[in-house]
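Enquirer: The structure's right below; bear with me while I get my questions together.
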Ligand SMILES: Nc1nc2c(ncn2[C@@H]2O[C@H](COP(=O)(O)OP(=O)(O)OP(=O)(O)O)[C@@H](O)[C@H]2O)c(=O)[nH]1
Ligand SMILES: [Mg+2]
Ligand SMILES: [Zn+2]
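Residue numbers (the working numbering): -19 to 308.
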């Protein structure tokens, strides 16, 4: 029997422990993972080189779901609306973060697979933006080979943040597209719809910046739950969105809503590679006095430090580079 002829293809839109909602031509199938596939998957996902030939211990499997939102899967039907996933197709792209498990090691968590772009969300105010986090997201997207859009929500509150334009200027200069929007007035939504149309995009940003509100504003029929007014938007309160979930956009495309992730560790980026993930700095690589061995920290004759002094590279971005590098 040729397995390919007997099965249907779909995309994982949602998941809860052990259950995957697979979206396929006009319907959703509640799937589980075949036990054979589960065993096979344990092997290749043990990613770090030293682990490659080791089957993961059972307690480690709990921390890594072999299936990600966005995965294209093959499934067999097992009753009305139910099925069994038998194959996961190769991932075209993967947006990942590092997930340290105390007492064990750091695991890769694939946030979304097969996405086309990352939509990085910050509120103009409430919560006050911390731009270091923006650099972390941008680097993650660059490492995944995905373009990023920067969306600034709550533009109705922009008067509360006099620094907004100045803070965003370095990103504009690098060439990142910035979309100021307001989910309450509808400002900026038509432009954002155009940028999302026909693509699979992932919303990332800390809790309370208005990701789910934005999704509701883009597509009001969804009527998703958002944080009640007065519940606090400092990001410290309970997260409103608790699950990653993909939505079909009626104007074309797909959008993944994520819960505000407090930890967003860089995954699988070598220290020497980091500078290449800052597009405005990468052009200076190789021009330093110590050539490719320059760490761009305190070396004399560092072309990147010179570019900072000359006003060609933002000192804030350079500081982010140093911070992130210290973490690798
Ligand atoms: N003033 C104003 N408030 C907004 C706007 N968009 C969202 N909010 C409020 O911001 C709060 C948080 O919105 P959510 O959409 O739940 O934020 P989220 O980013 O999805 O948060 P998590 O799901 O926890 O990650 C809610 O009280 C919203 O009403 C806006 O454009 N203007
Ligand atoms: Mg939300
Ligand atoms: Zn250098």
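The C-beta atom is built at its ideal place from N, Cα and C for all residues, glycine as well.
#1: Quick check: the segment 64 to 76 against the segment 93 to 105, are at least 3 beta-carbon pairs closer than 8 angstroms?
#2: By DSSP, does residue 310 sit in helix, in strand, or in coil?
#3: Hey, which unbroken runs of the beta strand (DSSP E) at 3 residues or more fall wholly within the segment 85 to 148?
#4: Using 10 angstroms around the beta-carbon of residue 109, count the other beta-carbons present and answer buried if the total reaches 16, otherwise exposed.
#5: Could you give the first and the last residue of the continuous beta strand (DSSP E) run that contains residue 306?
#6: State the Cα-Cα distance for the pair residue 286 and residue 87, rounded to the nearest angstrom.
#7: Whole angstroms are fine: how far does the CA of residue 107 sit from the CA of residue 251?
#8: So, for residue 212: in the same chain, excluding its five sequence neighbours on each side, which residues have a beta-carbon less than 7 angstroms away from its beta-carbon?
#9: Would you mind sorting residue 269 into buried or exposed? The rule is 16 or more other CB atoms within 10 Å of its CB.
#10: Smallest Cα separation from residue 281: which of 291, 292 and 267?
#11: Alpha carbon to alpha carbon, what distance is there between residue 247 and residue 120?
#12: Mind checking who residue 1 pairs with in its DSSP beta bridge?
#13: Taking any heavy atom of ligand 3 as the mark, which residues have a C-beta closer than 5 angstroms to it, listed down the chain?
#14: Would you report the Cα separation of residue 284 and residue 116, rounded to the nearest angstrom?
#15: Does the beta-carbon of residue 237 have 16 or more other beta-carbons within 10 angstroms, so that it is buried, or is it exposed?
Expert: Taking the definition as stated:
#1: yes
#2: It is not possible to answer for residue 310, since the shown part of the chain is limited to -19 through 308.
#3: 86 to 93, 97 to 103 and 128 to 133
#4: It is buried - the Cβ of residue 109 has at least 16 other Cβ atoms within 10 Å.
#5: From DSSP, residue 306 is part of no beta strand (DSSP E) but of the alpha helix (DSSP H) over 295 to 307.
#6: 37 angstroms
#7: A direct Cα-to-Cα measurement between residue 251 and residue 107 gives close to 31 angstroms.
#8: For residue 212, the predicted structure reports a pLDDT of 47, less than 50, and the residue's modelled location is therefore unreliable. A value from the coordinates is still provided. Closer than 7 angstroms at the Cβ level, and outside the excluded window around residue 212, lies no residue.
#9: Exposure of residue 269 is indicated by the presence of fewer than 16 other C-beta atoms within 10 angstroms of its C-beta.
#10: 267
#11: Each residue's Cα considered, the two are about 8 angstroms apart.
#12: -6 and 10
#13: 268, 274, 276, 282 and 284
#14: 19 angstroms
#15: With 16 or more other CB atoms across the displayed protein chains lying within 10 angstroms of its CB, residue 237 is buried.
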